[in-house]
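Working notes for the structure below.
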Amino acid sequence: MNKYAVTNPATGLSETSFPLATDAEVTDAIGAADRAHKELARGTSVAERAALMQRVADLHSERREELAALIVREMGKPLEQALGEVDFSADIYAYYASHGEAFLADEPIELLAGEGSAFIRSASLGVLLGIMPWNFPYYQVARFAGPNMVLGNTIVLKHASQCPESAAAIEQIFADAGFPDGAYRNLYASSAQIADIIIPDPRVCGVSLTGSEGAGAAVAEVAGRNLKKVVLELGGSDPFIVLSTDNLEEAVDAAVAARIDNSGQSCNAAKRFIVIDGLFDSFVELFTAKIAGNVPADPTSPETTLGPLSSVGAAENLEEQLQRAETQGATVTLRGRRDGAFFSPTVLTGVSPQSDAYREEFFGPVAAIYRVQNEAEAVEVANDIPYGLGSYLFTTDPEQALRVADQIEAGMVFINGSLLDGAELPFGGVKRSGFGRELGRFGIAEFANKKLIRILK
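Residue numbers for the sequence shown follow the numbering used here, beginning at 35 and rising by one.
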């Protein structure tokens, strides 16, 4: 990678480009963030930082159309979904603006012996590095920067190379909201600069990465050598389990929505549909018919539900995965076609545990449907992958719902619904999907110094 550039995946046209930051610019950004941290941590209260964060939320709402248009061009997100992402990001910033003081309030400790008192006080750590992906350019930043800047940490942000304009727009919002210079700094940095300059710098106290399993492992290795805390949100191949339903069409609608959101390019999208034998044939028929109705189209149209993938390269990779899956024995129930970066929905059945497709993540509108005989087999298939990000479960039995939820190896379980994310709900996974949590009350604690203060008299 030698530049940050916008290549519109819908048209294939290369638009604006930006040069990489120099090593001196990288070092200067870290210094500015360190100075801003001292100003924020020592010179402002939580309430004052929360007021600034509310302004960040308001500016997202005020600029929603122009912000949405940027990511439609950069990564092909359909317009209505782009507007929804900006709105959700504003909600996240507003959530931490309104809840930050309560989350960061002193926590009294009941002493077992002795006089006096003790409590935990949450304090910031310092400069944090964020490494963010292209698939949700605003939302991913919001769930990292929102809580941490209310806490008093400052941010150096390396965004995906195909999202330079949205990355710059976010930096501008933090400046316009009134945060001190350097509190949020966007950097067009290279991978080498991340590994060789930013993470080893003693002023950088932690790293949060959302991205691929390989990128997470590489960053965690460097951070470990430098004794820096890491939060990782990596890949997922989330199961969507259907054990019983009193309305199959509603369950299928939820399944289709969970698969095609963001044109199938969500880490926590439902990708493997695990259906009890008695419902399997009806589910496959209805699911295939409904997902086929989502035709790839112009992402600038408000009517579009399925846009292009993020790049021609991404579409070519998906095409290669599907060719391998079919070669290794999968049945193509609905065959999608690639046209440039556009890819129409595909449905697979008969995917063997011996095939690559059984454990791979499909980052695009591809669904694999599995037939199971009972609850135990459904749980076994759901857990038989390296990932453990999210999961979905449909059942009419409340006791079964909680019993199965307890057995699913994932960081999140959504029961009888999909697309239920919220600013107040913790997000994160287990296994090779990463570690740590974002959003909710846990998101503001990941990079906090939980300082014990013990007073005798």
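Ideal Cβ placement from N, Cα and C applies to all residues, glycine included.
Sequence-distant residues of its chain with Cβ nearer than 7 Å to residue i (five each side left out)
{"i": "Gln441", "result": "Val413"}
{"i": "Val256", "result": "Ala229, Ile233"}
{"i": "Arg98", "result": "Leu117, Val120, Asp121"}
{"i": "Lys491", "result": "Glu149, Gly150"}
{"i": "Ala194", "result": "Met166, Pro167, Trp168"}
{"i": "Thr334", "result": "Val106, Leu113"}
{"i": "Leu74", "result": "Arg83, Gly186, Thr188, Pro214, Ala217"}
{"i": "Asp431", "result": "Ser278"}
{"i": "Lys465", "result": "Pro420, Tyr421, Gly422, Glu443"}
{"i": "Asp235", "result": "Ile64"}
{"i": "Ala81", "result": "Glu135"}
{"i": "Asp332", "result": "Ala44, Thr338"}
Span separating the alpha-carbon of residue i from that of residue j
{"i": "Ala70", "j": "Ser225", "result": "25 Å"}
{"i": "Gln115", "j": "Glu108", "result": "14 Å"}
{"i": "Phe397", "j": "Tyr426", "result": "18 Å"}
{"i": "Gly384", "j": "Gly456", "result": "35 Å"}
{"i": "Ala254", "j": "Gly477", "result": "19 Å"}
{"i": "Leu138", "j": "Arg83", "result": "12 Å"}
{"i": "Pro420", "j": "Glu472", "result": "21 Å"}
{"i": "Gly245", "j": "Ser95", "result": "26 Å"}
{"i": "Leu352", "j": "Glu337", "result": "25 Å"}
{"i": "Asn42", "j": "Ser345", "result": "8 Å"}
{"i": "Gly327", "j": "Gly370", "result": "12 Å"}
{"i": "Ala479", "j": "Ser156", "result": "8 Å"}
{"i": "Leu104", "j": "Gly422", "result": "32 Å"}
{"i": "Phe481", "j": "Asp373", "result": "44 Å"}
{"i": "Gly470", "j": "Leu163", "result": "15 Å"}
{"i": "Arg523", "j": "Asn483", "result": "Outside the modelled stretch of the chain, which goes from 35 to 491, sits residue 523, for which no answer is possible."}
{"i": "Ile489", "j": "Ser158", "result": "22 Å"}
{"i": "Asp68", "j": "Val190", "result": "10 Å"}
{"i": "Leu486", "j": "Phe153", "result": "6 Å"}
{"i": "Tyr173", "j": "Phe376", "result": "23 Å"}
{"i": "Asn260", "j": "Val60", "result": "18 Å"}
{"i": "Ala416", "j": "Pro460", "result": "21 Å"}
{"i": "Lys263", "j": "Val161", "result": "12 Å"}
{"i": "Ala291", "j": "Ala147", "result": "55 Å"}
{"i": "Ser48", "j": "Ala202", "result": "18 Å"}
{"i": "Glu100", "j": "Glu411", "result": "48 Å"}
{"i": "Asp62", "j": "Ile449", "result": "48 Å"}
Same chain, Cβ closer than 6 Å to residue i, five either side skipped, listed in chain order
{"i": "Thr50", "result": "Val40"}
{"i": "Phe213", "result": "Leu86"}
{"i": "Gly298", "result": "Gly398, Pro399"}
{"i": "Leu243", "result": "Ile165, Gly250, Val253, Leu266"}
{"i": "Ala402", "result": "Arg306, Leu382, Val385"}
{"i": "Thr429", "result": "Leu277, Ser278, Ala435"}
{"i": "Val309", "result": "Val276, Phe317"}
{"i": "Phe52", "result": "Tyr38, Pro198, Tyr222"}
{"i": "Asp140", "result": "Phe153, Arg155"}
{"i": "Glu492", "result": "Residue 492 lies beyond the range of the chain shown here (35 to 491); nothing can be said about it."}
{"i": "Ser467", "result": "Leu268, Gly270, Tyr421, Gly422, Leu423"}
Which residues DSSP lists as bridging residue i, in chain order
{"i": "Arg405", "result": "Val309"}
{"i": "Glu472", "result": "Phe461"}
{"i": "Lys263", "result": "Gly240"}
{"i": "Phe428", "result": "Val276"}
{"i": "Ile449", "result": "Leu427"}
{"i": "Ser151", "result": "Ile489"}
{"i": "Tyr218", "result": "Ile189"}
{"i": "Gly422", "result": "Val464"}
{"i": "Pro53", "result": "Lys37"}
{"i": "Ser48", "result": "Thr41"}
{"i": "Val4", "result": "Examination of residue 4 is not possible in this model, given that the chain is present from 35 through 491 alone."}
{"i": "Lys484", "result": "Ser156"}
{"i": "Ala439", "result": "Answer by DSSP bridge pairing: none, since Ala439 is not bridged."}
{"i": "Ala304", "result": "Asp272"}
Expected contact under 8 Å - CB spacing of residue i and residue j to nearest Å
{"i": "Gly46", "j": "Glu267", "result": "The pair is not a contact, with the Cβ atoms about 30 Å apart (cut-off 8 Å)."}
{"i": "Met87", "j": "Ala131", "result": "4 Å"}
{"i": "Ile325", "j": "Val381", "result": "7 Å"}
{"i": "Ala528", "j": "Pro342", "result": "Residue numbering for the chain in the displayed model covers 35 to 491; residue 528 lies beyond these limits and cannot be assessed."}
{"i": "Asp280", "j": "Arg405", "result": "Contact flag wrong, Cβ pair sits at about 21 Å."}
{"i": "Glu394", "j": "Val438", "result": "Not really, about 24 Å apart at Cβ, beyond 8 Å."}
Close beta carbons around residue i, own chain, < 8 Å, minus the five adjacent residues each side
{"i": "Asp287", "result": "Lys324"}
{"i": "Asn296", "result": "Lys111, Gln115, Asn169, Phe170, Ala303"}
{"i": "Leu282", "result": "Leu313, Ser316, Phe317, Leu320"}
{"i": "Asp390", "result": "Gln355, Arg358, Ala359, Gln362"}
{"i": "Pro387", "result": "Asp418"}
Any chain B beta carbon closer than 8 Å to residue i
{"i": "Ser225", "result": "Protein chains in the displayed structure number just one, and chain B is not present."}
Distance cut-off 7 Å: residue i Cβ against heavy atoms of the ligand GDP
{"i": "Asp125", "result": "Of ligands this structure carries none, so the ligand GDP is not represented either."}
Enumerate, from N- to C-terminal direction, the unbroken beta strand (DSSP E) stretches of 3 or more residues contained entirely within the region 320-396.
Taken in chain order, the unbroken stretches of beta strand (DSSP E) that lie wholly in the region 320-396 and span 3 residues or more are 365-368, 380-383.
Please list the segments of the alpha helix (DSSP H) lying wholly inside the region 83-117, counting only runs of 4 or more residues, in order along the chain.
Counting only runs of 4 or more, we get 98-109.
Hey, which unbroken runs of the beta strand (DSSP E) at 3 residues or more fall wholly within the region 115-185?
141-143, 151-158, 161-165
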